[in-house]
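Accompanying notes for the structure given below.
Residue numbers (my numbering): 57 to 680.
And the structure:
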């Protein structure tokens, strides 16, 4: 069976939040709230006041920030983070209790700072915030005793069945009994009424009520033995003011030999009193704080930590001047850090072709953010300020226009006599930059050319010959036939003047024809002017594959594509002979070898030789 908080076996009583064994949480009051004020000035700002007697203290920052919590007593003594010095997380004594200061430092953590203490406090404490950035909110909570409640500390020192300030058990007391209890505790502690003093063990009232039978005093022991101090306990610290207590043993008064404590009167045993020891201060030391978060989430960054010179005295660690730690090497306050290698931009493809054949268009390329493992990641993981362009404008030059022509048809429109051959002519934008054309103009090339396949034989009356083949192998064309006025004779036909047949309806001599869709055909412009007048130049034309509706196509036979470039003017250059430019001296070759032609005198005296050299040099540079 379990033991309850009242020390009875099998009891189910537990201590409530007020610290009362078997209580119902009504003997105290929970004070809580959130400090959400918007602060403007940097520095210390008071958040909340923790009264004397408070327990279960919890001061917590609602989310992580660059602010700090601070704690000091009403007397002005700094307990945590005072005087602009930031303490390390840990346990700090103040106000009669021990505070646990927490400051999560993990990068992934979003929890804020906190002060925790069980209490009770023996003085008023003030909580501050060192404001450096917007306040995320500070939650505070503590418990204070209710009115007319017996102190939890008083109950904690009472054993089951032991009188409570002269009262046996815990019957429901009258108001008069409560008042007597408070007056009695006030007398013991010297505190004003209405407070809840801490009653120390062994300090209960020594008098007993009238209806209480005095306890039987133990018999006096033989005076042959008495209590003697034989030494002291070990000092609690080696420096900085510790404490120790005298040690008393029972000894023989004559021989001073130690004997069992039963030989001495326990009521006369001296109460050990605390004594200070090792009062000299401890050596100063460097108090090393936690590293801050890395300044960069990837790549090389910096992190900082606080280094304070501290010294221990009277169970407290104080911040002192740094010269006291000069005998020690000061740790580094900054350090480089790297959480991971940064992702970087990679250009995955070359620029595409310009979106237009002439004029201003756009071209693109593939740019990706790639991690150090080679994986493609979101663009946000790379520095957007360093992102290479993945689209840019491109200028393909001005758009000119030229006449585009097909080859002449192979067939003549007439099987005999005069006929025509045809070709297609269309004005389109041309993309050969060396052609200085801005428009097709009115000089449209001819679409027909005459042809003759020989004389035709005579016919009778209006004689219509057979239709010629279509003038085009595909698309729209024309057909012709011979229509003549003839006279039939025996085995022969005599051709007459057309007026001889004018009274007859003359059959048509031409009609349109359409064999099949042409599909795609090669069109080309006229040849450009030759790039040189002699010694071999070249000329160009633009060739395009066009469909029936004169739009660009890829269905033409590549082997039938007309040439786009050909040589021209391959003949040698013949310098013009100037009768006024002659050599006046026989040794002008020496002038040329000595490179004196740059001077006006020699250039005139040896005009022919210097001119030949100049022409050769210009031709050499032109070929280069």
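Built from N, CA and C at the ideal position, the CB exists for glycine as well.
Tell me the rounded alpha-carbon separation between residue 324 and residue 300. The residue you call residue 324 lines up with position 268 of the chain shown. The residue you call residue 300 lines up with position 244 of the chain shown. Spanning the two alpha carbons is a distance of roughly 21 Å.
Would you check if there are 3 or more beta carbon pairs closer than 8 Å linking the region 80-87 to the region 140-151? For the pair of segments examined, the region 80-87 was found not to touch the region 140-151: the number of CB pairs separated by less than 8 Å stays below three.
Residues near residue 121 in its chain [Cβ-Cβ closer than 7 Å; skip 5 each side]: The residue labelled residue 121 in the question sits at position 65 within the chain shown. For residue 121, where only same-chain residues beyond five positions count, the Cβ hits under 7 Å are 168, 189, 192.
Which value, in whole angstroms, describes the spacing of the CA atoms of residue 501 and residue 461? Within the chain shown, residue 501 is the residue found at index 445, counting from 1. Within the chain shown, residue 461 is the residue found at index 405, counting from 1. When rounded, the separation of the alpha-carbon atoms in residue 501 and residue 461 is 8 Å.
For residue 666, does the count of other Cβ atoms within 10 angstroms reach 16, so buried, or fall short, so exposed? Within the chain shown, numbered from 1, the residue matching residue 666 stands at position 610. By the neighbour-count definition (other C-beta atoms within 10 Å, threshold 16), residue 666 is a buried residue.
Under 6 Å Cβ to Cβ from residue 482, same chain only, skipping five residues before and after it: list those, please. For the purposes of this step, residue 482 is identified with residue 426 of the chain shown, where counting begins at 1. Cβ within range, chain order: 460, 606.
Where residue 574 and residue 534 are concerned, what is the direct C-alpha to C-alpha distance, given to the nearest angstrom? Taking the chain shown and counting its residues from 1, the one referred to as residue 574 is at position 518. Taking the chain shown and counting its residues from 1, the one referred to as residue 534 is at position 478. The straight-line gap separating the alpha-carbon atoms of residue 574 and residue 534 is approximately 15 Å.
Identify, in the order they occur along the chain, each residue of the same chain with its Cβ nearer than 6 Å to the Cβ of residue 467, setting aside the five sequence neighbours on each side. Here residue 467 refers to the residue found at position 411 of the chain shown. 525.
Please list the terminal residues of the continuous beta strand (DSSP E) segment that includes residue 548. Residue mapping note: residue 548 aligns to position 492 of the chain shown, counting from 1. Note, residue 548: beta strand (DSSP E), 548-551.
Taking DSSP's pairing of strands, which residues face residue 308 in a bridge? Within the chain shown, numbered from 1, the residue matching residue 308 stands at position 252. Per DSSP, the beta bridge partners of residue 308 are 281.
Is residue 46 helix, strand or coil by DSSP? There is no way to answer for residue 46, as the model of the chain reaches only from 57 to 680.
So residue 183 and residue 125 are supposed to be a Cβ contact under 8 Å. How far apart are they, rounded? Counted from its first residue, the chain shown places residue 183 at position 127. Counted from its first residue, the chain shown places residue 125 at position 69. About 7 Å separates the two Cβ atoms, so the contact holds.
Coil, strand or helix - residue 616 by DSSP: If you number the chain shown from 1, residue 616 lands on position 560. Helix, per DSSP.
Quick check on residue 617: buried or exposed, where buried means 16 or more other Cβ atoms within 10 Å of its Cβ? Reading the chain shown from its first residue, position 561 is the one you call residue 617. An exposed status is given to residue 617, since fewer than 16 other beta-carbon atoms sit within 10 Å of its beta-carbon.
Those runs of the beta strand (DSSP E) which lie wholly inside the region 79-127 and span at least 3 residues: The DSSP assignment places complete beta strand (DSSP E) segments of no fewer than 3 residues inside the region 79-127 at 84-91, 99-106, 111-117, in order along the chain.
Distance CB(residue 342)-CB(residue 363) smaller than 9 Å: For this step, residue 342 is matched to residue 286 along the chain shown. For this step, residue 363 is matched to residue 307 along the chain shown. Their beta carbons are under 9 Å apart, which means residue 342 touches residue 363 by this criterion.
Quick one: what's got a C-beta closer than 6 Å to residue 408's C-beta in the same chain, skipping five residues either side? Residue numbering aside, residue 408 sits at position 352 when the chain shown is read from its first letter. 419, 420.
DSSP on residue 663, reduced to helix/strand/coil? Counting from 1 along the chain shown, the entry for residue 663 is found at position 607. Three-state result, residue 663: helix.
Residue 339 to residue 390, Cα distance in whole Å? Looking up residue 339 in the chain shown gives position 283. Looking up residue 390 in the chain shown gives position 334. Residue 339 and residue 390 have their C-alpha atoms spaced approximately 25 Å apart.
Sorted by chain position, which residues of the same chain lie with C-beta nearer than 6 Å to residue 640's C-beta, five sequence neighbours on each side aside? On the chain shown, residue 640 is found 584 positions in, with the first residue counted as 1. Cβ neighbours of residue 640 beyond the five flanking positions: 661.
Is the distance from the Cβ of residue 354 to the Cβ of residue 403 below 9 Å? For the purposes of this step, residue 354 is identified with residue 298 of the chain shown, where counting begins at 1. For the purposes of this step, residue 403 is identified with residue 347 of the chain shown, where counting begins at 1. At a Cβ-Cβ threshold of 9 Å, residue 354 and residue 403 do not count as neighbours.
Mark residue 580 as exposed unless 16 or more other C-beta atoms lie within 10 angstroms of its C-beta, in which case mark it buried. Stepping through the chain shown from its first residue, residue 580 is reached at position 524. The residue is buried, with at least 16 neighbouring Cβ atoms inside 10 Å.
Who are the Cβ neighbours of residue 67 in its own chain at under 6 Å, not counting the five residues just before and after it? One-based indexing of the chain shown puts residue 67 at position 11. So the list reads 60, once near-sequence residues are dropped.
Could you give the distance in angstroms between the alpha-carbon of residue 92 and the alpha-carbon of residue 411? Position 36 of the chain shown, counted from the start, is the residue given in the question as residue 92. Position 355 of the chain shown, counted from the start, is the residue given in the question as residue 411. Counting only the Cα atoms, residue 411 lies some 58 Å from residue 92.
Is it true that the CB of residue 138 sits closer than 9 Å to the CB of residue 130? The residue you call residue 130 lines up with position 74 of the chain shown. The residue you call residue 138 lines up with position 82 of the chain shown. The answer is no: Cβ separation not under 9 Å.
Just to confirm the assignment, what range does the alpha helix (DSSP H) spanning residue 394 have? Position 338 of the chain shown, counted from the start, is the residue given in the question as residue 394. No alpha helix (DSSP H) holds residue 394; DSSP gives it neither H nor E.
Close beta carbons around residue 718, own chain, < 7 Å, minus the five adjacent residues each side: Outside the shown range of the chain (57 to 680) lies residue 718, about which nothing can therefore be said.
Is DSSP giving residue 681 helix, strand or coil here? Examination of residue 681 is not possible in this model, given that the chain is present from 57 through 680 alone.
Residue range of the alpha helix (DSSP H) that includes residue 468: For the purposes of this step, residue 468 is taken as the residue at position 412 of the chain shown. Bounds of any alpha helix (DSSP H) do not take in residue 468, whose DSSP letter is neither H nor E.
7 Å Cβ shell around residue 386 - same chain, five flanking residues per side excluded: As a working mapping, residue 386 is identified with position 330 in the chain shown. Excluding its 5 nearest sequence neighbours in each direction, residue 386 has C-beta neighbours in its own chain below 7 Å: 342, 363, listed in chain order.
Length of the line joining the Cα atoms of residue 479 and residue 603: For this step, residue 479 is matched to residue 423 along the chain shown. For this step, residue 603 is matched to residue 547 along the chain shown. Straight-line Cα distance between these residues: approximately 15 Å.
Skipping 5 residues on each side, what residues in its chain have a beta carbon closer than 6 Å to that of residue 318? On the chain shown, residue 318 is found 262 positions in, with the first residue counted as 1. Excluding the 5 residues flanking it on each side, residue 318 has no same chain C-beta neighbour closer than 6 Å.
For the candidate residues 107, 432, 598, 577, whose alpha-carbon lies nearest to that of residue 611? Position 555 of the chain shown, counting from 1, holds the residue named residue 611. Sorting 107, 432, 598, 577 by C-alpha distance to the C-alpha of residue 611 places 577 at the top.
Check this for me: beta carbons of residue 681 and residue 196, under 9 Å apart or not? Outside the displayed span of the chain (57 to 680) sits residue 681, for which this structure offers no information.
What are the start and end residues of the beta strand (DSSP E) that includes residue 449? Position 393 of the chain shown, counting from 1, holds the residue named residue 449. Taken as a continuous stretch (DSSP letters only), the beta strand (DSSP E) holding residue 449 covers 447-451.
If we ignore side chains and look at the alpha-carbon of each, how far apart do residue 201 and residue 305 end up? Here residue 201 is taken as the residue at index 145 of the chain shown, counted from 1. Here residue 305 is taken as the residue at index 249 of the chain shown, counted from 1. Approximately 42 Å between the Cα atoms of the pair.
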